[in-house]
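Numbering (this note's numbering), first residue to last: -10 to 193.
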(Lines of atoms letter the chains of each structure in order from A and count residues from 1; the text may use other names and numbers.)
(Lines give C-alpha, C1' and ligand atoms only; values in the text may rest on other atoms or scores of the structure.)
Protein backbone atom coordinates (compact mmCIF):
# COMPACT_ATOMS: atom_id res chain seq x y z
CA UNK A 1 0.00 0.00 0.00
CA UNK A 2 2.96 2.22 0.19
CA UNK A 3 2.86 1.83 -3.58
CA UNK A 4 -0.51 3.32 -3.01
CA UNK A 5 0.60 6.53 -1.52
CA UNK A 6 4.49 8.14 -2.09
CA UNK A 7 3.39 6.20 -5.35
CA UNK A 8 0.64 6.97 -4.90
CA UNK A 9 4.71 10.46 -7.26
CA UNK A 10 5.58 5.95 -6.58
CA UNK A 11 3.97 10.37 -4.82
CA UNK A 12 6.56 14.77 -8.01
CA UNK A 13 2.89 13.90 -7.64
CA UNK A 14 0.82 11.43 -5.93
CA UNK A 15 2.00 8.76 -8.19
CA UNK A 16 4.77 8.82 -5.62
CA UNK A 17 2.09 9.43 -3.10
CA UNK A 18 0.54 6.33 -4.40
CA UNK A 19 3.84 4.56 -4.59
CA UNK A 20 4.95 5.59 -1.14
CA UNK A 21 3.75 2.41 0.44
CA UNK A 22 5.50 0.01 -1.93
CA UNK A 23 8.31 -0.58 0.53
CA UNK A 24 7.58 -0.25 4.20
CA UNK A 25 9.86 2.14 6.04
CA UNK A 26 11.13 0.71 9.31
CA UNK A 27 9.10 1.98 12.23
CA UNK A 28 11.24 2.94 15.20
CA UNK A 29 10.14 5.06 18.13
CA UNK A 30 6.80 5.68 16.45
CA UNK A 31 5.04 8.28 18.51
CA UNK A 32 1.80 8.03 16.57
CA UNK A 33 -0.84 5.32 16.44
CA UNK A 34 -1.31 6.12 12.74
CA UNK A 35 2.39 5.53 11.99
CA UNK A 36 2.39 2.27 13.92
CA UNK A 37 -0.87 1.11 12.30
CA UNK A 38 0.43 1.09 8.73
CA UNK A 39 3.06 -1.65 9.23
CA UNK A 40 0.39 -3.80 10.91
CA UNK A 41 -1.83 -3.34 7.87
CA UNK A 42 1.08 -4.19 5.55
CA UNK A 43 1.74 -7.38 7.53
CA UNK A 44 -1.93 -8.34 7.32
CA UNK A 45 -1.98 -7.80 3.56
CA UNK A 46 1.26 -9.77 3.09
CA UNK A 47 -0.15 -12.66 5.11
CA UNK A 48 -3.32 -12.69 3.03
CA UNK A 49 -1.27 -12.62 -0.17
CA UNK A 50 0.78 -15.60 1.05
CA UNK A 51 -2.39 -17.52 1.88
CA UNK A 52 -3.85 -16.73 -1.55
CA UNK A 53 -0.75 -18.25 -3.17
CA UNK A 54 -1.79 -21.54 -1.50
CA UNK A 55 -5.39 -21.29 -2.66
CA UNK A 56 -6.76 -19.91 0.60
CA UNK A 57 -8.05 -16.43 -0.13
CA UNK A 58 -8.59 -14.16 2.85
CA UNK A 59 -10.48 -10.94 2.26
CA UNK A 60 -8.78 -7.83 3.68
CA UNK A 61 -10.22 -4.36 3.29
CA UNK A 62 -9.08 -1.04 4.72
CA UNK A 63 -9.97 2.63 5.10
CA UNK A 64 -7.27 5.21 5.80
CA UNK A 65 -7.83 8.93 6.15
CA UNK A 66 -5.79 11.61 4.44
CA UNK A 67 -4.66 12.76 7.90
CA UNK A 68 -3.20 9.31 8.60
CA UNK A 69 -1.67 9.11 5.14
CA UNK A 70 -0.02 12.53 5.45
CA UNK A 71 1.36 11.64 8.86
CA UNK A 72 2.85 8.44 7.48
CA UNK A 73 4.17 10.21 4.37
CA UNK A 74 6.02 12.70 6.53
CA UNK A 75 7.47 9.89 8.61
CA UNK A 76 8.33 7.77 5.57
CA UNK A 77 10.11 10.58 3.69
CA UNK A 78 12.10 11.34 6.84
CA UNK A 79 13.19 7.74 7.44
CA UNK A 80 13.59 6.82 3.78
CA UNK A 81 14.18 9.91 1.61
CA UNK A 82 13.01 9.84 -1.99
CA UNK A 83 15.23 11.30 -4.76
CA UNK A 84 13.93 14.69 -5.88
CA UNK A 85 11.03 14.73 -3.39
CA UNK A 86 11.52 16.85 -0.27
CA UNK A 87 7.99 16.68 1.16
CA UNK A 88 4.44 15.79 0.14
CA UNK A 89 0.94 16.42 1.39
CA UNK A 90 -2.20 15.00 -0.19
CA UNK A 91 -5.90 15.77 -0.16
CA UNK A 92 -8.38 13.04 -1.08
CA UNK A 93 -11.68 13.67 -2.84
CA UNK A 94 -14.46 11.37 -4.07
CA UNK A 95 -14.36 9.67 -7.48
CA UNK A 96 -10.65 8.75 -7.27
CA UNK A 97 -9.49 12.38 -7.32
CA UNK A 98 -6.35 13.25 -5.36
CA UNK A 99 -4.62 16.61 -4.95
CA UNK A 100 -0.96 16.78 -3.92
CA UNK A 101 1.35 19.53 -2.75
CA UNK A 102 4.90 18.32 -3.35
CA UNK A 103 8.22 20.06 -2.74
CA UNK A 104 10.36 19.09 -5.72
CA UNK A 105 14.07 19.57 -6.33
CA UNK A 106 13.84 20.86 -9.90
CA UNK A 107 17.60 21.27 -10.20
CA UNK A 108 17.92 17.52 -9.64
CA UNK A 109 15.22 16.81 -12.26
CA UNK A 110 17.07 18.95 -14.80
CA UNK A 111 20.39 17.26 -13.98
CA UNK A 112 18.87 13.83 -14.50
CA UNK A 113 17.33 14.75 -17.86
CA UNK A 114 18.60 18.08 -19.28
CA UNK A 115 15.93 19.98 -21.15
CA UNK A 116 13.02 18.54 -19.16
CA UNK A 117 11.98 21.92 -17.76
CA UNK A 118 10.67 24.14 -20.59
CA UNK A 119 12.78 27.27 -21.15
CA UNK A 120 9.86 29.56 -20.28
CA UNK A 121 9.48 27.87 -16.88
CA UNK A 122 13.15 27.69 -15.87
CA UNK A 123 13.17 31.17 -14.26
CA UNK A 124 10.54 29.99 -11.76
CA UNK A 125 11.04 26.21 -11.59
CA UNK A 126 14.53 25.96 -10.15
CA UNK A 127 15.86 24.77 -6.83
CA UNK A 128 13.28 23.41 -4.39
CA UNK A 129 9.76 24.52 -5.18
CA UNK A 130 6.34 23.33 -4.03
CA UNK A 131 3.83 22.55 -6.77
CA UNK A 132 0.19 21.49 -6.72
CA UNK A 133 -0.71 18.52 -8.90
CA UNK A 134 -4.22 17.08 -9.12
CA UNK A 135 -4.74 13.67 -10.66
CA UNK A 136 -7.25 10.90 -10.97
CA UNK A 137 -6.31 7.29 -10.28
CA UNK A 138 -7.55 4.20 -12.11
CA UNK A 139 -7.12 0.88 -10.34
CA UNK A 140 -8.16 -2.42 -11.90
CA UNK A 141 -6.75 -5.86 -12.65
CA UNK A 142 -4.15 -5.50 -9.88
CA UNK A 143 -2.67 -2.39 -11.52
CA UNK A 144 -2.95 1.35 -10.97
CA UNK A 145 -2.61 4.23 -13.40
CA UNK A 146 -3.27 7.94 -13.18
CA UNK A 147 -4.02 10.98 -15.29
CA UNK A 148 -2.89 14.51 -14.46
CA UNK A 149 -5.92 16.79 -14.23
CA UNK A 150 -4.14 20.08 -13.53
CA UNK A 151 -0.92 21.42 -12.04
CA UNK A 152 0.39 24.80 -10.94
CA UNK A 153 3.21 26.59 -9.18
CA UNK A 154 1.82 29.56 -7.29
CA UNK A 155 -0.35 31.22 -9.97
CA UNK A 156 1.49 29.65 -12.93
CA UNK A 157 -0.34 26.74 -14.58
CA UNK A 158 2.01 23.97 -15.66
CA UNK A 159 1.59 22.05 -18.94
CA UNK A 160 0.40 18.47 -18.49
CA UNK A 161 3.11 17.11 -20.83
CA UNK A 162 5.83 18.66 -18.64
CA UNK A 163 4.28 17.37 -15.40
CA UNK A 164 3.95 13.86 -16.82
CA UNK A 165 7.58 13.91 -17.99
CA UNK A 166 8.81 15.18 -14.60
CA UNK A 167 6.85 12.43 -12.87
CA UNK A 168 8.28 9.82 -15.23
CA UNK A 169 11.86 10.98 -14.59
CA UNK A 170 11.49 11.15 -10.81
CA UNK A 171 9.67 7.82 -10.61
CA UNK A 172 12.46 6.14 -12.59
CA UNK A 173 14.98 7.51 -10.06
CA UNK A 174 13.23 5.84 -7.13
CA UNK A 175 14.76 2.62 -5.76
CA UNK A 176 11.83 0.67 -7.22
CA UNK A 177 12.47 2.09 -10.75
CA UNK A 178 8.82 2.87 -11.45
CA UNK A 179 7.68 3.23 -15.06
CA UNK A 180 4.72 5.62 -14.94
CA UNK A 181 4.17 5.44 -18.70
CA UNK A 182 2.05 2.34 -18.05
CA UNK A 183 -0.12 1.03 -15.20
CA UNK A 184 1.92 0.01 -12.15
CA UNK A 185 1.29 -3.26 -10.26
CA UNK A 186 -0.52 -2.72 -6.98
CA UNK A 187 1.32 -4.45 -4.14
CA UNK A 188 0.03 -7.12 -1.78
CA UNK A 189 -2.41 -8.56 -4.34
CA UNK A 190 -4.79 -5.61 -3.94
CA UNK A 191 -7.59 -5.73 -6.49
CA UNK A 192 -9.31 -2.43 -5.83
CA UNK A 193 -8.45 1.08 -4.64
CA UNK A 194 -10.90 3.95 -4.54
CA UNK A 195 -11.49 7.24 -2.76
CA UNK A 196 -14.28 8.92 -0.86
CA UNK A 197 -14.21 12.25 0.92
CA UNK A 198 -10.80 12.47 2.71
CA UNK A 199 -10.48 8.65 2.68
CA UNK A 200 -8.58 6.05 0.62
CA UNK A 201 -10.12 2.57 0.59
CA UNK A 202 -9.01 -0.74 -0.81
CA UNK A 203 -9.42 -4.50 -0.73
CA UNK A 204 -7.69 -7.59 -1.99
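Think of the CB as a built atom: it goes at the ideal place given N, C-alpha and C, for glycine as much as any other residue.
Roughly how far, in whole angstroms, is the beta-carbon of residue i from the beta-carbon of residue j, given that I think they are within contact range, below 8 Å?
| i | j | result |
| --- | --- | --- |
| residue 187 | residue 88 | Not a contact, Cβ separation roughly 11 Å. |
| residue 137 | residue 122 | 6 Å |
Please identify the residue among the options whose C-alpha is closest to the C-alpha of residue i.
| i | options | result |
| --- | --- | --- |
| residue 129 | 118, 35, 173, 41 | 173 |
| residue 143 | 90, 79, 158 | 90 |
| residue 48 | 176, 36, 69 | 36 |
| residue 76 | 32, 42, 86, 118 | 118 |
| residue 120 | 50, 108, 92 | 92 |
| residue 96 | 114, 79, 110, 83 | 114 |
| residue 141 | 150, 98, 133 | 150 |
| residue 158 | 191, 29, 24, 98 | 98 |
| residue 59 | 27, 39, 44, 32 | 27 |
| residue 155 | 123, 50, 191, 73 | 73 |
| residue 148 | 112, 107, 161, 166 | 107 |
Residue j and residue i - do their beta-carbons sit closer together than 9 Å?
| i | j | result |
| --- | --- | --- |
| residue 169 | residue 153 | yes |
| residue 125 | residue 84 | yes |
| residue 52 | residue 179 | no |
| residue 134 | residue 171 | yes |
| residue 81 | residue 185 | yes |
Give me whichever residues DSSP pairs with residue i in a beta bridge.
| i | result |
| --- | --- |
| residue 190 | 52, 183 |
| residue 94 | 117 |
| residue 139 | 123 |
| residue 128 | 133 |
| residue 84 | Note: residue 84 sits in no beta bridge, so no partner. |
| residue 174 | 132 |
| residue 146 | 141 |
| residue 89 | 79, 122 |
Let me check you understand the geometry: is the CB of residue i closer than 8 Å to at least one non-hydrogen atom of the ligand SAH?
| i | result |
| --- | --- |
| residue 96 | Among the ligands in the structure shown, none appear at all, so the ligand SAH cannot be discussed. |
Alpha helix (DSSP H) segments (min. 4 residues) lying fully within the segment 31 to 82: 55 to 68
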